[in-house]
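> Last residue of the sequence shown? That's 314 in this note's numbering, and every number before it is there in order. Backbone N, C-alpha and C define an ideal beta-carbon position, used for all residues, glycine too. First, the structure itself, so that you have it in front of you.
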Amino acid sequence: MKIKFWGVRGSIPTPMNQAQLQGRIAAIVQRIQPSDLVSQESRDIFIAGLPAYLSEIIGGNTTCIEIRPSDDTCIIIDAGTGIRTFGNDLLKRREKIKKFHIFFTHFHMDHITGLPFFEPAYKEGTEIHFYSPQKHMEKAINEQIRLPYFPVTLDAFMAKMYFHYLKESPVNIGTAQITWRGVKHPGGCFSYKITENNKSFIFSTDTELIQRDFRRNEENTKFYKGIEFIVIDSQYTLSESIEKIDWGHSSNSLVVDFALSWDIPKIIFFHHEPKHEDMMIYKMLKTAKWYKDRVKSSRLEIGVAKEEMEIEL
Ligand SMILES: [Zn+2]
Ligand SMILES: [Zn+2]
Numbered sequence: 002m003k004i005k006f007w008g009v010r011g012s013i014p015t016p017m018n019q020a021q022l023q024g025r026i027a028a029i030v031q032r033i034q035p036s037d038l039v040s041q042e043s044r045d046i047f048i049a050g051l052p053a054y055l056s057e058i059i060g061g062n063t064t065c066i067e068i069r070p071s072d073d074t075c076i077i078i079d080a081g082t083g084i085r086t087f088g089n090d091l092l093k094r095r096e097k098i099k100k101f102h103i104f105f106t107h108f109h110m111d112h113i114t115g116l117p118f119f120e121p122a123y124k125e126g127t128e129i130h131f132y133s134p135q136k137h138m139e140k141a142i143n144e145q146i147r148l149p150y151f152p153v154t155l156d157a158f159m160a161k162m163y164f165h166y167l168k169e170s171p172v173n174i175g176t177a178q179i180t181w182r183g184v185k186h187p188g189g190c191f192s193y194k195i196t197e198n199n200k201s202f203i204f205s206t207d208t209e210l211i212q213r214d215f216r217r218n219e220e221n222t223k224f225y226k227g228i229e230f231i232v233i234d235s236q237y238t239l240s241e242s243i244e245k246i247d248w249g250h251s252s253n254s255l256v257v258d259f260a261l262s263w264d265i266p267k268i269i270f271f272h273h274e275p276k277h278e279d280m281m282i283y284k285m286l287k288t289a290k291w292y293k294d295r296v297k298s299s300r301l302e303i304g305v306a307k308e309e310m311e312i313e314l
């Protein structure tokens with residue numbers, strides 16, 4: 002199965018601003034030596050040697066990930082602004098998908114606001130299947146896509162739409178099997194576990210980890226044990242999380258504790274704080290790596306989600 006990230010930012014779209022761009026240019030220019038400029042090859046080596054916080058962008062789009070099991074079924078989680086880029090990419094590559102399966106973690110604006118900009122929804126012959134364990138799915142979507150918030154309603158979509166309320170776990174979508182679990186977040190939120198060929202990963206955005214998630218009961222053990230990796234909300238630093246108890250998000254260090262407690266071999270930080278510039282997110286990664294190194298037996302791998310990053314499972 003292939004996983005691709007189209008939106009990784011938390012709470013609100015966060016495009017790079019003028020000062021950030023200028024800061025990057027200044028930092029890059031300061032590093033250049035005359036020998037870096039002598040040939041195309043030396044220039045390429047210079048660029049390849051730049052740190053990720055200068056040569057790559059984390060991205061400002063809000064939550065959307067694409068999952069393609071081996072049968073190429075198209076599963077999407079959340080329709081934040083990243084879904085717009087995903088839809089446009091499909092059109093650009095002329096990939097025609099007839100059926101989309103969109104799972105919602107919850108209906109906060111940053112997780113649904115991209116939906117009316119998903120171009121494939123306006124193509125005839127397309128089907129979109131929406132899934133959520135929350136009963137207000139259809140209402141929540143309809144309420145956002147109408148006047149005075151948006152010029153048209155869902156009726157403008159040419160795609161046939163189907164709303165599926167998740168009750169009995171698991172559901173099979175193509176060759177993938179999906180299960181879910183509620184997490185602490187204002188208004189409720191669900192994490193999804195996607196499994197194919199005995200390999201699983203969990204997508205757990207908008208999650209404030211609490212004692213309940215660490216508890217050794219059957220439900221947790223079944224959900225968290227034996228997965229390959231978890232993509233998890235790590236919006237805050239430890240001090241920010243102390244100031245923002247009950248805001249519904251976790252800190253980088255608590256996420257490390259959580260992964261260690263369930264023997265999860267790899268975590269990917271997600272739902273990045275809009276106030277954090279890329280360098281800050283990499284600093285949080287460094288802090289988390291330092292913290293996990295204090296645990297001697299730990300082989301935990303930690304990474305950050307970036308737009309257009311792909312993972313093969
Ligand atoms: Zn969110
Ligand atoms: Zn939320």
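(1) So R217 is in the beta strand (DSSP E); what residue range does that whole segment cover?
(2) Report the option in F108, R295, N218, D207 whose CA atom is closest to the CA atom of S252.
(3) So, T176 versus D72, is the Cβ gap smaller than 8 Å?
(4) If you drop the 5 nearest sequence neighbours on each side, which residues of the same chain put their C-beta closer than 6 Å to that of I84?
(5) Taking the alpha carbon of I142 as the reference point, which residue from P134, R25, T154 has its own alpha carbon closest?
(6) With 16 as the cutoff for other CB atoms within 10 Å, does P117 come out buried or exposed?
(7) What residues are listed by DSSP as bridge partners for Q386?
(8) Between G81 and H273, is the Cβ-Cβ spacing less than 8 Å?
(9) Closer than 5 Å between the C-beta and any heavy atom of ligand 2: which residues qualify, listed along the chain?
(10) Is the CB of E128 under 8 Å away from at least one CB in chain D?
(11) Mind checking whether G88 and P121 have CB atoms under 8 Å apart?
(12) With burial defined as no fewer than 16 other Cβ atoms inside 10 Å of the residue's Cβ, what is the status of R95: buried or exposed?
(13) If W263 and Y225 are in contact, beta carbons under 8 Å, what's the gap, nearest whole angstrom?
(14) Measure the beta-carbon distance from I203 to I179 and round it to whole angstroms, keeping in mind my assumption that it falls under 8 Å.
(15) Which one or two residues does DSSP pair with Q178 in a beta bridge?
(16) Determine the direct distance from the alpha carbon of P16 to that of R32, and round the result to whole angstroms.
(17) Does any heavy atom of ligand 3 sit closer than 7 Å to the C-beta of D37?
(18) Return the bridge partner residues of G8 from the DSSP annotation.
(19) With DSSP collapsed to three states, give me the class of F87.
(20) If you run the structure through DSSP and keep just helix, strand and coil, what is I39?
(21) Which residues does DSSP pair with H130 in a beta bridge?
(22) Run through DSSP, which three-state label would G188 get?
(23) With respect to 7 Å, is the separation between the Cβ of P12 and the closest non-hydrogen atom of ligand 1 below this value?
(24) Tell me whether D111, by its Cβ, gets closer than 7 Å to a heavy atom of ligand 1.
(25) Have a look at I231, V30, L148, P134 and flag the residue whose alpha-carbon is nearest the alpha-carbon of F47.
Checking against the coordinates, here is how it stands:
(1) Counting along the chain, R217 falls outside any beta strand (DSSP E), and DSSP gives it neither H nor E.
(2) D207
(3) yes
(4) C65, G115, F119
(5) When the alpha-carbon of I142 is set against those of P134, R25, T154, the nearest one is in T154.
(6) buried
(7) The structure shown does not extend to residue 386, since the chain spans only 2 to 314, so no value can be given for it.
(8) No. Outside cutoff.
(9) H109, D207
(10) Protein chain content of the structure displayed is limited to a single chain, and chain D is not contained in it.
(11) Pairing G88 with P121 gives a Cβ-Cβ distance under 8 Å.
(12) Classification for R95: exposed.
(13) Indeed, because the Cβ distance is near 4 Å, the residues count as touching under 8 Å.
(14) At roughly 11 Å, the Cβ-Cβ gap does not stay under 8 Å, so I203 and I179 are not in contact.
(15) N173, T196
(16) 25 Å
(17) Within the structure as shown, ligand 3 is missing, the only ligands being ligand 1 and ligand 2.
(18) DSSP, once it has assigned bridges, lists C65 as partnering G8.
(19) helix
(20) It is worth fixing the name first, because residue 39 is Val in this sequence and not Ile. Looking at V39 - three-state DSSP - the assignment turns out to be coil, as it is neither helix nor strand.
(21) H102, Y163
(22) coil
(23) Checking the sequence shown, residue 12 turns out to be Ser, not Pro. Yes, the Cβ of S12 comes within 7 Å of a heavy atom of ligand 1.
(24) yes
(25) F47 has its Cα closest to that of V30, out of I231, V30, L148, P134.
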